[in-house]
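Each remark here refers to the structure printed beneath this line.
And the structure:
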């Protein structure tokens with residue numbers, strides 16, 4: 001009887017150990033599956049970032065090539081640069097050749113959206129009424145005075 005009880009006990013311990021081993025193996029398998037899924041997700045995100053970076057770089061290159069010297073300079077070489085009359089802040093007229101294409105783009109945008117030109121000079125706007133030009137000149141002078149005072 002005692003031997004049979006000990007045998008039953010050993011068998012029960014062996015079953016518990018086997019169940020624990022099986023449970024640990026299943027848990028390890030689940031952890032491996034989770035790790036593999038995380039790794040796949042990470043690789044996918046890295047691939048997406050690389051593709052986005054490549055796309056952005058391509059867009060920047062396209063934009064850069066659009067604004068390269070060859071594009072604008074070739075247009076400028078086809079047509080002679082016009083002499084444009086501009087009034088300075090004192091109201092006198094001076095003839096100035098247009099600056100670089102980049103400066104002109106910035107000036108064009110600031111004239112469209114408002115703000116001082118990159119050169120800091122007051123510039124005439126084609127088709128603008130005298131009253132509107134005077135009002136803009138007054139604003140420009142006030143802005144220049146504030147800039148000098150450091151307001």
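Residue numbers (our numbering): 1 to 151. Ideal placement from N, C-alpha and C gives every residue a C-beta, glycine not left out. Model, not experiment: these values are computed from the prediction.
| Asked | Found |
| --- | --- |
| Backbone secondary structure at residue 129 - three-state DSSP | coil |
| Close-in-space but distant-in-sequence residues of the same chain around residue 17 (CB under 6 angstroms, 5 per side omitted) | none |
| Nearest-angstrom Cα separation, counted from residue 44 out to residue 10 | 50 angstroms |
| Separation of residue 14 from residue 28, as counted between CA atoms | 21 angstroms |
| Rounded separation between residue 129 and residue 61 - CA only | 41 angstroms |
| Inter-residue CB distance, residue 134 and residue 124 (contact presumed, cutoff 8 angstroms) | Contact flag wrong, Cβ pair sits at about 12 angstroms. |
| Three-state secondary structure (DSSP) of residue 150 | coil |
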